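Student:
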Amino acid sequence: MIRINGTDLKTSRPSNLDEQLIAATGCSSSEIGTVLAGGPDLAARALRPFIDPETLPGGQLAAAIAADGDALLAIRKLYDDAPASKAEGK
Numbered sequence: 039m040i041r042i043n044g045t046d047l048k049t050s051r052p053s054n055l056d057e058q059l060i061a062a063t064g065c066s067s068s069e070i071g072t073v074l075a076g077g078p079d080l081a082a083r084a085l086r087p088f089i090d091p092e093t094l095p096g097g098q099l100a101a102a103i104a105a106d107g108d109a110l111l112a113i114r115k116l117y118d119d120a121p122a123s124k125a126e127g128k
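One rule links them: number in this note's numbering = place in the sequence shown (from 1) + 38.
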């Protein structure tokens, strides 16, 4: 579970996390700092593999992230806990 701008979002780690992240951002999970520094649109792409695709569709997820000062830390924690990140030595 992650809370973004007052909304609780159910999360689950996808088995193909790096594949989804590379397709969405061009970066792997080991480069999550670069992705999160790229702004709310890229942060939304980094969070999307963990949540239901119908949750906060379109630009709503990016807007919620932009409005929440703690969102990037919460998203980073998802990656710190993800098996793909641990496999790469994070």
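Here a beta-carbon is modelled for each residue, glycine too, at the ideal position from N, C-alpha and C.
Keep in mind that this is a model prediction, so the values were computed, not measured.
Among the residues of its own chain, which have a CB less than 8 angstroms from the CB of A81, if the five just before and after it don't count?
Tutor: Position 43 of the sequence shown, counted from the start, is the residue given in the question as residue 81. Counting only Cβ-Cβ distances below 8 angstroms, and skipping sequence neighbours, we find V73, L74, A100, I103, A109, L110, I113.
Student: Rounded to a whole number of angstroms, what is the C-alpha to C-alpha distance between L85 and D119?
Tutor: To locate residue 85, count along the sequence shown from 1; it is residue 47. To locate residue 119, count along the sequence shown from 1; it is residue 81. C-alpha separation (whole angstroms): 13 angstroms.
Student: Check L85 in the structure and name its three-state DSSP category.
Tutor: Looking up residue 85 in the sequence shown gives position 47. DSSP places L85 in helix when its eight states are reduced to three.
Student: Excluding five sequence neighbours on each side, which residues of the same chain lie with their C-beta closer than 7 angstroms to the C-beta of Q58?
Tutor: Against the sequence shown, residue 58 aligns to sequence position 20. Excluding positions up to five away in sequence, the list reads P52, P87.
Student: Is it true that the CB of L116 sits closer than 7 angstroms to the CB of I89?
Tutor: To locate residue 89, count along the sequence shown from 1; it is residue 51. To locate residue 116, count along the sequence shown from 1; it is residue 78. Taking 7 angstroms as the Cβ cut-off, I89 and L116 do not qualify as a contacting pair.
Student: Residues in its own chain within less than 6 angstroms of I40 by CB, not counting five upstream and five downstream?
Tutor: Stepping through the sequence shown from its first residue, residue 40 is reached at position 2. Counting only Cβ-Cβ distances below 6 angstroms, and skipping sequence neighbours, we find L47, T49, A112.
Student: On the DSSP bridge assignment, give the partners of T45 in chain order.
Tutor: For this step, residue 45 is matched to residue 7 along the sequence shown. Answer by DSSP bridge pairing, in chain order: I42.
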